[in-house]
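Engineer: Read in order, the letters of the sequence shown are residues 271 to 335 in the working numbering.
By construction, the Cβ of each residue, glycine as well, lies at the ideal position given by its N, Cα and C atoms.
Keep in mind the model is a prediction, meaning the values are calculated, not measured.
Sharing a structure here in structure tokens format.
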Amino acid sequence: MLGFLLNFPLHHSEAADPDLMVWIIDKVTHLFGGDLATISIALLILIVLIPLVIVISRRLFNTFD
Numbered sequence: 271m272l273g274f275l276l277n278f279p280l281h282h283s284e285a286a287d288p289d290l291m292v293w294i295i296d297k298v299t300h301l302f303g304g305d306l307a308t309i310s311i312a313l314l315i316l317i318v319l320i321p322l323v324i325v326i327s328r329r330l331f332n333t334f335d
């Protein structure tokens with residue numbers, strides 16, 4: 271087992287697996303119709319909306335137990 275741990279690559283040069291990134295981009299473009307601007311705007315809205323919903327819901331439904 272120690273041989274496997276020594277031969278296991280600890281880090282690779284890419285930030286992410288290129289094949290996986292191509293697959294994810296293909297699936298997302300297929301889901302949103304292939305327009306890169308639409309995908310970018312949808313992801314930006316999602317990224318901004320999630321924390322905003324969390325903050326608003328905590329302020330509205332905060333119980334002081």
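Helix or strand or just coil, what does DSSP make of D305?
Structural biologist: Stepping through the sequence shown from its first residue, residue 305 is reached at position 35. Coil, per DSSP.
Engineer: Determine whether the beta carbon atoms of I311 and T299 lie at a separation below 8 Å.
Structural biologist: Within the sequence shown, numbered from 1, the residue matching residue 311 stands at position 41. Within the sequence shown, numbered from 1, the residue matching residue 299 stands at position 29. No, they are not a contact pair.
Engineer: Quick one: what does DSSP say T299 is sitting in, helix, strand or coil?
Structural biologist: Along the sequence shown, read from residue 1 onward, the residue named residue 299 stands at position 29. Residue state, collapsed to three classes: helix.
Engineer: Alpha carbon to alpha carbon, how far is P321 from F334?
Structural biologist: The count along the sequence shown starts at 1 and reaches residue 321 at position 51. The count along the sequence shown starts at 1 and reaches residue 334 at position 64. Those two C-alpha atoms are separated by around 21 Å.
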